[in-house]
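Numbering (the working numbering), first residue to last: 168 to 529.
Yeah, the Cβ is synthetic: ideal placement off N, Cα and C, and Gly gets one too.
None of the values given here were measured: they were computed from a predicted structure.
Below is one structure, written out as structure tokens; the observations come after it.
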């Protein structure tokens, strides 16, 4: 009953791809692929902006003085982060031009020297150079460029520094802190902070540091800590960078593709060993797969050195070994089939058969 109803409906109104044939199928496939591409792009942009710092976030993140730490470059080989520092603003009449204790963006009117790590101590800072000095002149007497529309929301002064990524040690509990874990590797640096007013050598309280990153193929974030110790407060920042989720997904697709090709060659080899009749061109396709594997691996983003656990030891290395062995078996089996020796047998004829054979030949 139901199949008959379906046949009547289909008979009266054919689907679009049936009416228009190949053109309809091509148009449908194009629309579907375009929708998938737009969705993936939207997801990528959303995930890339998860650590975007807006003006509202900046204002609400500082109390006395606040900073931005932007990771703009990662050198995995040298194990370093390149960090762009800038001052967000401050709160209160003592630190701003405001008439009350509200918070103001880009209104920090104190000079400030920033010290990091081993220099960020009360006993060492005055014997070392700061990584950067913020001059309040940029606020008190701003340059003409600051009057350009929209320029007022950009920090007036910035400085850069290069910090070492914490090394991968044998006793590290988290094994992701190494390129061996590509594409799931993750890198972190721990930073101690100290802000000093060079005019009177007083300590400037830091209410927050917003850490983020805008590196291609990477996403970064930061965590700020203010720990009271006696009469003082110790400030620290943890910056973490990991591969983008789209990068992880793309690498996973390539690894799965290599395994599908390798298993297809293995299945073809098994069929040949069991005397299945397979076209010679398909068998020679295993050689093509063997040389395609390195090209697929090389297309991985930031192609890692040989030795990574997931993409090489668990993927590329096993794929090459498997396809090489199968290709050798297939080639030798073809040689044995095409160049096997011709087998000849002698037949003994009985006397009456021999006589009949001689009569027929006369």
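Secondary structure of residue i, DSSP reduced to three states
| i | result |
| --- | --- |
| residue 462 | helix |
| residue 412 | helix |
| residue 387 | strand |
| residue 275 | coil |
| residue 482 | helix |
| residue 396 | strand |
| residue 230 | Note that residue 230 has pLDDT 42, beneath the 50 cutoff, so the model's placement of it is unreliable and the number below is only indicative. Residue 230: coil per DSSP, three-state reduction. |
| residue 425 | helix |
| residue 351 | coil |
| residue 500 | helix |
| residue 329 | strand |
| residue 263 | coil |
| residue 443 | coil |
| residue 250 | strand |
| residue 473 | coil |
| residue 190 | helix |
| residue 370 | strand |
| residue 295 | coil |
| residue 362 | strand |
| residue 407 | strand |
| residue 490 | helix |
| residue 316 | coil |
| residue 243 | coil |
| residue 381 | coil |
| residue 356 | strand |
| residue 417 | helix |
| residue 257 | strand |
| residue 280 | strand |
| residue 202 | helix |
| residue 305 | helix |
| residue 196 | helix |
| residue 236 | strand |
Contact test: residue i Cβ vs the ligand COA heavy atom, cutoff 7 Å
| i | result |
| --- | --- |
| residue 279 | As for the ligand COA, it is missing from this structure, which has no ligand bound. |
For residue j and residue i, believed in contact at Cβ under 8 Å, the rounded distance
| i | j | result |
| --- | --- | --- |
| residue 497 | residue 439 | 6 Å |
| residue 404 | residue 322 | Not quite, the Cβ-Cβ distance comes to about 17 Å (not below 8 Å), so this is no contact. |
| residue 408 | residue 207 | In fact, because the Cβ distance is near 22 Å, the residues do not count as touching under 8 Å. |
| residue 126 | residue 363 | This structure does not reach residue 126, given that the chain is present from 168 up to 529, and the question cannot be answered. |
| residue 406 | residue 378 | 5 Å |
| residue 577 | residue 490 | This structure leaves residue 577 out entirely; the chain is present only between 168 and 529. |
| residue 254 | residue 237 | Not a contact, Cβ separation roughly 12 Å. |
| residue 484 | residue 381 | Incorrect: roughly 34 Å between the Cβ atoms, too far for contact. |
| residue 494 | residue 453 | 4 Å |
| residue 285 | residue 291 | 7 Å |
Whether residue i touches residue j by CB criterion (8 Å)
| i | j | result |
| --- | --- | --- |
| residue 328 | residue 372 | no |
| residue 275 | residue 257 | yes |
| residue 414 | residue 350 | yes |
| residue 280 | residue 365 | yes |
| residue 417 | residue 468 | yes |
| residue 197 | residue 252 | no |
| residue 324 | residue 301 | yes |
| residue 434 | residue 411 | no |
| residue 243 | residue 346 | yes |
| residue 501 | residue 437 | no |
Cβ of residue i within 8 Å of any chain D Cβ
| i | result |
| --- | --- |
| residue 446 | Although the question refers to chain D, the structure presented lacks it and comprises just one protein chain. |
Is there contact between the region 346 to 358 and the region 325 to 335, where contact requires at least three CB pairs shorter than 8 Å? yes
Touch test, the region 418 to 437 against the region 474 to 483, Cβ-Cβ under 8 Å, three pairs minimum: yes
Report yes or no: do the region 433 to 448 and the region 457 to 471 share at least 3 C-beta pairs separated by less than 8 Å? In the pairwise beta carbon analysis, the region 433 to 448 is classified as not touching the region 457 to 471: fewer than three pairs are separated by under 8 Å.
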